[in-house]
Structures are given as structure tokens and as C-alpha cells.
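Peer 1: The following block contains the structure, expressed as C-alpha cells.
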Amino acid sequence: MRELSIMAAAHEAPARDCLVAEGRVWSYAEVAARVASAIEELLARGLRSGDRVALTPRADVDSALWLYALFELGCPAVLVHPRLTENERTVLLREASPVELITKEAPEGQSGEPAIDPIPDDRTLAIVYTSGSRGTPRGACLSRRAFVASEAAHAANLGWLPEDRWLLAMPPAHVGGLSILTRCLIARSCVVLDPGSFDPAQTARTIEREAVTLLSVVPTMLHRLLSSDRPPWRPSPALRAVLVGGASLPPALQKRAVSEGIPVLSTYGCTEACSQITTQTLAQVGLPGSGAPLRGVEVRIEAGEIQVRGQTVMQGYLGSLPADEPWTEDAWLRTGDFGGFAPDGQLVVRGRLDDIIVTGGENVAPQEVEEWLQSVPGVAAACVFGIDDEEWGERVVAAIVIEAREYDPNTLRVRMNEELAAHKRPKDLAVLDAFPLNPSGKVDRAKLRALAEAALRPI
Numbered sequence: 258m259r260e261l262s263i264m265a266a267a268h269e270a271p272a273r274d275c276l277v278a279e280g281r282v283w284s285y286a287e288v289a290a291r292v293a294s295a296i297e298e299l300l301a302r303g304l305r306s307g308d309r310v311a312l313t314p315r316a317d318v319d320s321a322l323w324l325y326a327l328f329e330l331g332c333p334a335v336l337v338h339p340r341l342t343e344n345e346r347t348v349l350l351r352e353a354s355p356v357e358l359i360t361k362e363a364p365e366g367q368s369g370e371p372a373i374d375p376i377p378d379d380r381t382l383a384i385v386y387t388s389g390s391r392g393t394p395r396g397a398c399l400s401r402r403a404f405v406a407s408e409a410a411h412a413a414n415l416g417w418l419p420e421d422r423w424l425l426a427m428p429p430a431h432v433g434g435l436s437i438l439t440r441c442l443i444a445r446s447c448v449v450l451d452p453g454s455f456d457p458a459q460t461a462r463t464i465e466r467e468a469v470t471l472l473s474v475v476p477t478m479l480h481r482l483l484s485s486d487r488p489p490w491r492p493s494p495a496l497r498a499v500l501v502g503g504a505s506l507p508p509a510l511q512k513r514a515v516s517e518g519i520p521v522l523s524t525y526g527c528t529e530a531c532s533q534i535t536t537q538t539l540a541q542v543g544l545p546g547s548g549a550p551l552r553g554v555e556v557r558i559e560a561g562e563i564q565v566r567g568q569t570v571m572q573g574y575l576g577s578l579p580a581d582e583p584w585t586e587d588a589w590l591r592t593g594d595f596g597g598f599a600p601d602g603q604l605v606v607r608g609r610l611d612d613i614i615v616t617g618g619e620n621v622a623p624q625e626v627e628e629w630l631q632s633v634p635g636v637a638a639a640c641v642f643g644i645d646d647e648e649w650g651e652r653v654v655a656a657i658v659i660e661a662r663e664y665d666p667n668t669l670r671v672r673m674n675e676e677l678a679a680h681k682r683p684k685d686l687a688v689l690d691a692f693p694l695n696p697s698g699k700v701d702r703a704k705l706r707a708l709a710e711a712a713l714r715p716i
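Residues 258 to 716 (the working numbering) are what the sequence shown spells out, left to right.
So, in C-alpha cells, the structure goes:
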């Protein structure tokens with residue numbers, strides 16, 4: 258697939274900006290020459306097309322160069338998240354059994370274009386591990402065809418402008434981060450790298466300095482950008498879309514962003530479907546929902562579950578038995594998420610099926626209550642879950658993080674009694690300093706539950 262070839266891109270647009278990092282710009286021709294040198298080194302180690310290669314990619318130039326080299330060679334990249342513990346890394350690498358583990362910087366030298374045999378479209382491009390927020394992370398095998406289809410779907414939804422620059426502020430070990438690299442490579446567009454740990458003030462400066470036009474963040478990152486006071490972040494006219502995914506976009510956060518002129522687009526996706534499944538359009542900024550299915554992606558609702566099929570869907574989990582694969586009998590991907598379609602065609606995601614709380618014979622979707630809690634002044638984050646109860650079967654409880662003096666527990670109680678149905682009201686509340694996050698930046702609900710249960714108090 259020439260679409261995923263940095264060499265082909267360098268032939269088509271040699272002088273076009275390819276990578277930007279810390280004020281320096283690399284053209285496609287310059288990047289291709291460095292990638293050729295990296296390929297030369299990999300071949301000298303005895304690597305062959307199709308061999309799995311593991312690396313811990315970050316939002317930096319070296320990681321981009323190694324990934325481009327693996328794309329060019331047709332070597333599936335086994336992505337190890339930089340926040341994994343040593344034990345977690347060991348378990349992952351034992352399962353993936355890579356032929357090579359890249360731990361060094363990309364070579365500085367420049368080489369001529371290597372001769373590479375054609376690579377099948379169905380060859381795995383990357384093995385991307387799920388977040389593991391509810392269990393053991395699993396390696397989703399995503400084909401080259403899936404990434405090309407994903408880019409085509411993005412292009413049909415938002416289009417590309419000649420001046421587009423997409424900020425990469427999350428590790429490419431996350432499917433959302435990897436997709437920024439692949440989409441921009443396919444479009445022969447520019448990636449602005451934001452290396453190091455996410456720092457809202459630094460990221461805001463990078464957005465302004467590099468005239469970033471597209472930004473992908475998880476809700477936590479958006480919240481921190483909006484809360485940064487060094488100085489307060491205000492979008493530049495160049496920024497045309499901020500795609501928010503990885504977790505549900507709280508309505509209160511969406512409203513705040515839109516009020517400050519930030520063009521936020523709510524998205525829904527998963528690792529197993531090559532990132533985005535649905536995405537809002539620019540005409541839907543500020544509206545509820547997560548957009549309609551992207552081009553080439555089919556979505557259906559079966560017994561409340563969101564199910565997906567299309568070319569962006571994974572080949573399967575690495576090393577899994579057929580009984581462990583998430584497919585229906587008619588080959589739809591079971592996401593495990595609960596939702597439905599609004600009258601305007603947008604998908605509305607209501608949470609995880611296995612998070613549904615059954616209390617006194619009534620079903621409660623935690624996400625609905627979490628979004629309501631986050632609308633209360635001073636509540637920065639909320640997580641709702643059920644605990645065993647002799648009377649109710651499960652009792653609805655909540656954990657919150659407070660960020661402002663304006664939080665008033667009496668206001669919360671009064672509003673809750675007025676605005677939430679009785680069976681949805683949390684009976685106990687834990688106030689925590691912060692929520693534990695997994696490597697993908699999502700709330701680790703298992704760890705949070707253990708922390709919160711010890712701190713629960715009657716509301």
C-alpha cells in the first residue's frame with residue numbers, strides 16, 4: 258500500500274512539511290532519508306518483512322521514524338505503552354513474542370531508498386493493546402487496510418486543507434495517537450509533535466506557535482487545557498476542530514469549551530475498530546451525541562449493545578481462542594457498550610453494559626448519573642457504581658473530585674432530589690483528591706472502586 262509508504266510520500270511531496278517538533282521542521286524528503294537509514298539498520302540485524310517488532314513509542318521524532326520504517330518494511334509494530342510497569346511490559350512481550358525490541362534512538366544518517374517487496378493489504382500494521390480498564394489488556398491486530406479505511410472515513414467527515422497540522426499530544430501506543438501518524442502520512446499532511454508528559458500550558462503554546470489546525474484529546478486533557486491559568490488557553494483562528502474521544506465527553510465540559518470558542522467534536526470509537534466509529538461534523542459543534550457512523554462503518558444496536566462492522570474493524574485479538582473473540586454469529590464486533598441512536602442520527606453512548614446497576618429492580622446507567630454530577634458547580638469528575646446491598650440488591654454510590662470552592666454539598670443534595678429519579682440518586686458519596694488512571698488515560702474503575710469504598714459516606 259503506497260498510502261502508508263513514507264518513500265512514496267517523499268516522491269509525491271518532497272518539500273512538504275512532514276514532522277514538526279520543538280520549533281524544528283522536517284520535510285517529507287528529509288524524513289524519508291532518515292527512515293531509509295533506520296530500515297538499513299533493521300535489515301542489518303536480520304529483520305525480515307512480516308517479523309513483529311516491539312517498541313515503546315512516544316510523541317517524538319525518533320518514535321515516528323521507527324514507526325515509518327516498520328510501515329515501510331511491512332513489520333507489524335507491537336506497541337508498548339510508556340506508562341506500563343515492568344511486570345506489565347514483561348507479560349505483554351511474552352505474549353507478543355516480537356523478533357526485535359527497539360529501545361534506541363533512530364540513526365542520524367541518511368541513506369538511499371531501499372528496495373522493498375510489495376506488502377499485502379491484509380498484513381497487520383500494528384498490534385495495539387486495549388486500555389484494560391475492566392480487565393487484562395488485549396492486543397488488537399489492526400491491518401494496513403483498516404488504517405487506510407479509517408483515514409478515508411476521516412477525510413470524508415472533516416476533509417483536509419493544505420495548511421492542516423495535526424498535534425500529536427498522546428503516545429502512539431494508544432490507537433488514537435497512532436491514527437494521527439497514519440492519517441497524516443496517508444494525506445501527506447503534517448504532524449506537530451508534543452513530546453514529554455502532557456503539560457497543558459506547554460501544549461497550548463505549541464498549538465498557537467505551530468498554527469495547529471486539528472487536535473485530538475481525551476476529556477481529561479481538554480479539561481486541563483481549559484483550566485490552565487498559565488495563561489488561560491484561548492483557541493487561535495487556525496484551530497478548526499478538536500476531536501474528543503477515549504471516554505465520554507461530559508455535557509458540562511462540552512458546554513464550557515463551546516462557550517470559549519473551541520470547536521469540539523464528540524467522537525466514539527474503540528481500539529478494536531481502529532479508533533473512531535462515529536464523529537460529529539463541524540455543523541454539530543455543541544450538540545449532544547457522538548455523531549453518525551463514519552463512511553464505510555456500519556453500526557447497529559442489538560439488545561442495547563453497540564455493534565460494529567466494516568473495514569476498520571480489527572482482524573482479531575493476538576493469541577486468543579475463537580470462543581474469546583468478540584464477534585456475533587453474523588460477524589459483527591460486540592463493543593460491550595450500551596447506547597442508541599437519537600432522532601437526528603447521532604449515536605448516543607450511555608456507558609458499558611457490564612457497568613449497568615440493577616437497584617430495586619430498576620436499571621441505572623452510571624454514565625447518565627456521572628454526567629449529571631459533573632454539571633454541579635465545583636465537581637470536576639465523577640464515577641458512579643453499584644455495591645452489594647441486602648435491601649436493594651445493588652446500592653448506587655458515587656465518587657467525585659472537587660476542584661473549586663463553589664462546591665456545596667447542600668446544593669448537590671437539593672438538586673439531586675429535584676433533578677434525578679429516586680432510583681438513580683447515589684445513596685453514598687466519596688470525595689477523592691484524584692481518580693486513578695490506566696496507561697491510556699481512562700479511569701481505572703477497579704482501582705477507583707477500591708479507593709472509593711473505604712471513603713463512602715451517606716449523602
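Beta carbons: idealized from backbone N, C-alpha and C, even for Gly.
Measuring only the C-alpha atoms, how far is Val335 from Val633?
Peer 2: 42 Å
Peer 1: Determine the contact status of Ala687 and Val658, defining contact as a CB-CB distance below 7 Å.
Peer 2: no
Peer 1: Cβ of Val449 within 7 Å of Cβ of Glu467?
Peer 2: Less than 7 Å separates the beta-carbon of Val449 from that of Glu467.
Peer 1: Could you please give the first and the last residue of the uninterrupted beta strand (DSSP E) stretch that includes Val292?
Peer 2: No beta strand (DSSP E) holds Val292; the alpha helix (DSSP H) holding it covers Tyr285 to Ala301.
Peer 1: Are Ala326 and Ala372 close, meaning C-beta to C-beta below 7 Å?
Peer 2: In this structure, Ala326 keeps its C-beta atom at 7 Å or more from the C-beta atom of Ala372.
Peer 1: Have a look at Leu330 and Ala655 and give me their C-alpha separation to the nearest angstrom.
Peer 2: Distance between the alpha carbons of Leu330 and Ala655 is about 49 Å.
Peer 1: Between which two residues does the beta strand (DSSP E) containing Phe692 stretch?
Peer 2: Unbroken run through Phe692: none, as it is neither H nor E.
Peer 1: Is it buried or exposed for Arg714, if we count other Cβ within 10 angstroms and need 16 for buried?
Peer 2: exposed
Peer 1: Enumerated in chain order, which unbroken segments of the alpha helix (DSSP H) with a length of 4 residues or greater are wholly contained in the segment 559-630?
Peer 2: 623-630
Peer 1: Excluding sequence positions up to five away, which residues of its chain have a Cβ less than 7 Å from the Cβ of Gly280?
Peer 2: none
Peer 1: Keeping to the same chain, check which residues put their C-beta closer than 7 Å to that of Ala461; ignore five residues upstream and five downstream.
Peer 2: Leu482, Ser485 and Trp490
Peer 1: Let me know the secondary structure DSSP gives Asp665 once reduced to three states.
Peer 2: If DSSP states are grouped into helix, strand and coil, Asp665 belongs with coil.
Peer 1: Counting only the same chain and skipping the five closest in sequence on each side, list residues whose C-beta sits under 8 Å from that of Trp584.
Peer 2: Within the same chain, Cβ atoms closer than 8 Å to the Cβ of Trp584 are found at Leu590 and Arg591, the five residues on either side in sequence being excluded.
Peer 1: Look at the alpha carbon of Pro507 and the alpha carbon of Asp665, and state the distance between them as a whole number of angstroms.
Peer 2: 20 Å
Peer 1: For the candidate residues Gln541, Pro623, Glu647 and Asp612, whose alpha-carbon lies nearest to that of Asp601?
Peer 2: Gln541
Peer 1: Within the continuous beta strand (DSSP E) that includes Leu450, where are the two ends?
Peer 2: Here the beta strand (DSSP E) through Leu450 covers Cys447 to Leu450.
Peer 1: Grab me the residues of Ala270's own chain with a C-beta within less than 7 Å of its C-beta, minus the 5 sequence neighbours each way, in chain order.
Peer 2: Tyr285 and Arg445
Peer 1: So which of Lys684, Pro492, Gly573 and Arg609 has the shortest CA-CA distance to Ala504?
Peer 2: Arg609
Peer 1: If the criterion is Cβ atoms closer than 7 Å, does the pair Asp317 and Cys332 meet it?
Peer 2: no
Peer 1: Thinking just about the alpha-carbon of each residue, which of Ser454, Gly553, Leu472 and Gly433 is nearest to the one in Cys527?
Peer 2: Gly433
Peer 1: Got a sec, what are the start and stop residues for the alpha helix (DSSP H) Phe404 sits in?
Peer 2: Its alpha helix (DSSP H) spans residues Arg401 to Leu415.
Peer 1: To the nearest whole angstrom, what separates the beta carbons of Ile437 and Leu418, a pair I think is in contact under 8 Å?
Peer 2: Ile437 to Leu418, Cβ: 16 Å. No contact.
Peer 1: In the DSSP output, what is Asp685 paired with across the bridge?
Peer 2: According to DSSP, Asp685 shares a beta bridge with Val654 and Pro715.
Peer 1: What are the uninterrupted segments assigned as alpha helix (DSSP H) that are 4 or more residues long and contained completely in the segment 313-400, given in chain order?
Peer 2: Complete alpha helix (DSSP H) runs here, min 4: 318-330 and 343-353.
Peer 1: Within the same chain, show all residues whose beta-carbon is closer than 7 Å to that of Phe692, passing over the 5 residues directly before and after it, in chain order.
Peer 2: Ala638, Cys640, Val658, Val700 and Leu705
Peer 1: Roughly how many angstroms separate the alpha carbons of Asp612 and Ala409, rounded to a whole number?
Peer 2: 33 Å
Peer 1: State buried or exposed for Leu276, treating a residue as buried only when at least 16 other CB atoms are found within 10 Å of its CB.
Peer 2: Around the Cβ of Leu276, a 10 Å sphere holds 16 or more other Cβ atoms; the residue is buried.
Peer 1: Span of the alpha helix (DSSP H) holding Arg422?
Peer 2: Per DSSP, Arg422 belongs to no alpha helix (DSSP H); it is in the beta strand (DSSP E), Arg422 to Leu425.
Peer 1: Under 8 Å by Cβ, that's how I've got Ala498 and Leu435 pegged, so tell me the actual separation to the nearest angstrom.
Peer 2: Not confirmed; about 19 Å, so no contact.
Peer 1: List the residues that DSSP assigns as beta-bridge partners of Phe642.
Peer 2: Partner(s): Val654.
Peer 1: Which same chain residues, not among the five before or five after Tyr386, have their C-beta less than 6 Å away from its C-beta?
Peer 2: Pro394 and Gly396
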